[in-house]
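Asks: Before anything else, here's the structure in question.
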C-alpha cells in the first residue's frame with residue numbers, strides 16, 4: 001500500500017512538472033542588413049527589436065502547450081515562429097538588423113516593434129500593435145487591438161475594426177481606417193524634425209477622429225466619419241484651404257472668423273475658407289457627426 | 297496598397313477616360329509606385345471581367361441546391377472548403393464590381409440613371425453581402441467565440457450605418473456626398489467580411 005501511495009505521489013509530481021514545463025529557445029542566424037524576417041506567433045507576445053548587427057537572434061519562452069518553435073531560411077530571408085499550439089501563450093523576442101523588412105502575424109498575441117527602419121507589415125486578429133521608431137513603411141492591421149505608431153514614418157497604413165488608432169510623430173504620408181475605433185493623429189512639424197503631414201486620410205464609421213498637428217506645405221488631409229465627431233486642430237498660423245461639410249451635424253470653427261452656413265441641399269452645414277494661397281488642403285466630411293476646427 | 301489620393305485618377309486611367317493632361321502625371325506615378333501599378337492591373341482585370349459578365353446574374357437554383365447539398369454532405373474537408381472559397385470569391389467579385397461601378401459612374405449618368413444604375417449597384421451589394429454572410433454562417437464554427445461576437449457587433453454597426461446612408465440617399469438620390477458615405481460604409485463592410493473569411497480560412 002505504501003508503495004502504491006509512493007508511486008501515486010511520484011506520478012502526480014511528474015504530471016505537475018510536465019504541465020508547468022516551459023521551453024526556452026535561444027538561437028542566432030546570420031541575416032543581410034536589408035534581409036527579410038517573417039514571424040508567426042498566434043498567442044502571447046511578439047517583440048521585435050532593431051539592432052546594428054547582421055544577424056537575427058530569437059529568445060522565446062513557450063508554455064508546455066504553446067506549440068512547437070520552428071525556424072527556416074537563409075541569409076536573405078528568415079522565417080520563424082510558433083505553431084501547433086492550443087492557445088497557450090508564447091513569448092518571442094527577436095532582434096533583427098535595423099534595416100530589415102519585417103512581417104509579423106498573430107491571432108491574439110500583441111506585437112511590438114522598436115528601432116526597425118525598414119518596412120513593417122504587421123497583422124493580428126485581436127492583438128494590439130505598437131511601433132516605435134522611424135520605419136520607412138508601416139502597414140498594420142488588427143481587428144480588436146489598438147494600434148500605436150510613434151516616432152515617424154515616411155508612410156503608414158493602419159486599419160482596425162474596433163481598435164483605437166494613435167499615430168504620433170513626424171510622419172509624412174498617413175492613412176488610418178477604422179469601423180468603430182477612435183483615431184488620434186498627432187503630427188509633429190519641422191520644430192521636431194518633421195515636415196508636417198503631406199498626405200493624410202483618416203476615416204471611421206462610428207469612431208471619433210482627431211487630427212492635431214502640423215500641415216505640410218501643399219499637404220492634403222482628408223478626414224471622414226459617418227457618425228463620429230471630427231476634431232481638427234492645427235496651428236493658428238497654418239496656411240490652408242479648409243473644406244468642411246456635415247449632413248446631419250454641426251460645424252464649430254474656432255480657427256478664424258468664418259462661419260458655417262446651412263447646406264444648399266437639405267440639412268447640415270458647410271464651411272469653406274482659406275487662410276492663404278499655396279498652403280495645405282484640409283477636408284472633413286461627416287454624415288451625422290459634428291466637426292470642430294480649432295487652433296492647436 | 298494604393299495611394300488613397302490616387303483612387304479616382306486610377307479608376308479613370310483604367311477606364312481610359314482620364315484627361316490627357318492628367319494621364320502623364322498618373323503614368324509617372326505608376327512608374328514609381330508598385331501598389332498603384334497592381335491596382336491598375338486589378339482594375340483592368342475587373343473591367344474585363346465585368347464586361348464579360350451577363351447583364352443580370354441569376355444564380356441557378358439547381359446549382360445552389362447542389363452546392364448546399366455538397367456542403368452538408370460529410371464530404372472531404374477540402375471539397376467543402378473549395379466550394380465555400382469559390383462562393384466567397386464569386387461574392388467578392390460581385391461586390392467589387394458593384395463598388396467599382398459605384399465610383400466610376402460618370403456624373404451625367406448619375407442624374408439620368410438614378411432609378412437604374414444606382415439601384416442595380418445597391419442590389420448587387422445586397423446580394424453579394426448576403427452571399428458572404430451565408431458563407432460566414434457556415435464557417436463561423438471555425439472562428440473563436442470572441443471573434444464571432446466581435447464580428448457580429450461590428451456587422452451590426454456597419455449595417456446601421458449603411459441603412460442610414462441608404463435612407464438618406466432615398467430622400468436625395470442625386471447627392472454625391474451621400475453616395476460617398478454609402479460607398480465608404482459598403483467598402484468597410486466588404487473589408488470586414490473579407491477579413492472574417494480570411495481568418496476563418498486560416
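Protein chains in written order, with this note's numbering: chain A, 1 to 296; chain Y, 297 to 498. For every residue, glycine included, the Cβ atom is placed at its ideal position computed from N, Cα and C.
(1) Can you confirm whether residue 495 of chain Y, when its beta carbon is compared against all beta carbons of chain A, has any partner nearer than 8 Å?
(2) What in chain A is Cβ-close to residue 481 of chain Y, meaning under 8 Å?
(3) Just curious, the beta strand (DSSP E) that residue 269 of chain A is in, first and last residue?
(4) Confirm, please, whether the CB-CB distance from residue 232 of chain A to residue 167 of chain A is below 8 Å.
(5) List the DSSP bridge partners of residue 209 of chain A.
(6) Does DSSP classify residue 290 of chain A as helix, strand or coil?
(7) Which chain A residues are close to residue 477 of chain Y, counting only those with a beta carbon under 7 Å from its beta carbon?
(8) When the Cα atoms are used, what is the spatial distance from residue 133 of chain A to residue 146 of chain A?
(9) With distances taken Cα to Cα, identify the nearest neighbour of residue 476 of chain Y among A:223, A:38 and A:48.
(10) What's the gap between the Cα of residue 229 of chain A and the Cα of residue 206 of chain A?
(11) Restricting to runs no shorter than 4 residues, where is the alpha helix (DSSP H) found entirely within the segment 422 to 480 of chain Y?
(12) Can you tell me which of the three DSSP states residue 383 of chain A falls into?
(13) For residue 119 of chain A, report the span of its beta strand (DSSP E) as first-last.
(14) CB-CB under 8 Å to residue 404 of chain Y, same chain, minus the five flanking residues each way: which ones, in chain order?
(15) Among A:52, A:66, A:285 and A:119, which one has its Cα closest to the Cα of residue 37 of chain A?
(16) First and last residue of the beta strand (DSSP E) that includes residue 70 of chain A?
(17) First and last residue of the beta strand (DSSP E) that includes residue 204 of chain A?
(18) Which chain A residues are close to residue 468 of chain Y, counting only those with a beta carbon under 8 Å from its beta carbon?
(19) Any idea what DSSP makes of residue 486 of chain Y, helix, strand or coil?
(20) Beta carbon of residue 90 of chain A, beta carbon of residue 41 of chain A: below 8 Å?
(21) Would you kindly work out how many angstroms separate the C-alpha atoms of residue 270 of chain A and residue 474 of chain Y, rounded to a whole number?
Replies: Well, looking at it:
(1) Yes - at least one Cβ of chain A is within 8 Å of the one on residue 495 of chain Y.
(2) 205 and 226, listed in chain order.
(3) Taken as a continuous stretch (DSSP letters only), the beta strand (DSSP E) holding residue 269 of chain A covers 269 to 274.
(4) no
(5) Residue pairing by DSSP places residue 209 of chain A opposite A:183 and A:230 in a beta bridge.
(6) Residue 290 of chain A carries a coil assignment under DSSP once its states are collapsed to helix, strand and coil.
(7) 226 and 287
(8) Cα to Cα, the separation comes out at about 17 Å.
(9) A:223
(10) 8 Å
(11) 441 to 467
(12) Nothing can be reported for residue 383 of chain A, as the shown portion of chain A is limited to 1 through 296.
(13) For residue 119 of chain A, the enclosing beta strand (DSSP E) begins and ends at 119 to 124.
(14) At residue 404 of chain Y, the pLDDT of 44 sits below 50, so the modelled position is not reliable; the number obtained from the coordinates is stated separately. Cβ neighbours of residue 404 of chain Y beyond the five flanking positions: none.
(15) Residue 37 of chain A has its Cα closest to that of A:119, out of A:52, A:66, A:285 and A:119.
(16) Where residue 70 of chain A is concerned, the enclosing beta strand (DSSP E) stretches over 68 to 73.
(17) 197 to 204 is the span of the beta strand (DSSP E), which, as asked, contains residue 204 of chain A.
(18) 265 and 266
(19) helix
(20) Yes, these two residues count as a Cβ contact at 8 Å.
(21) 14 Å
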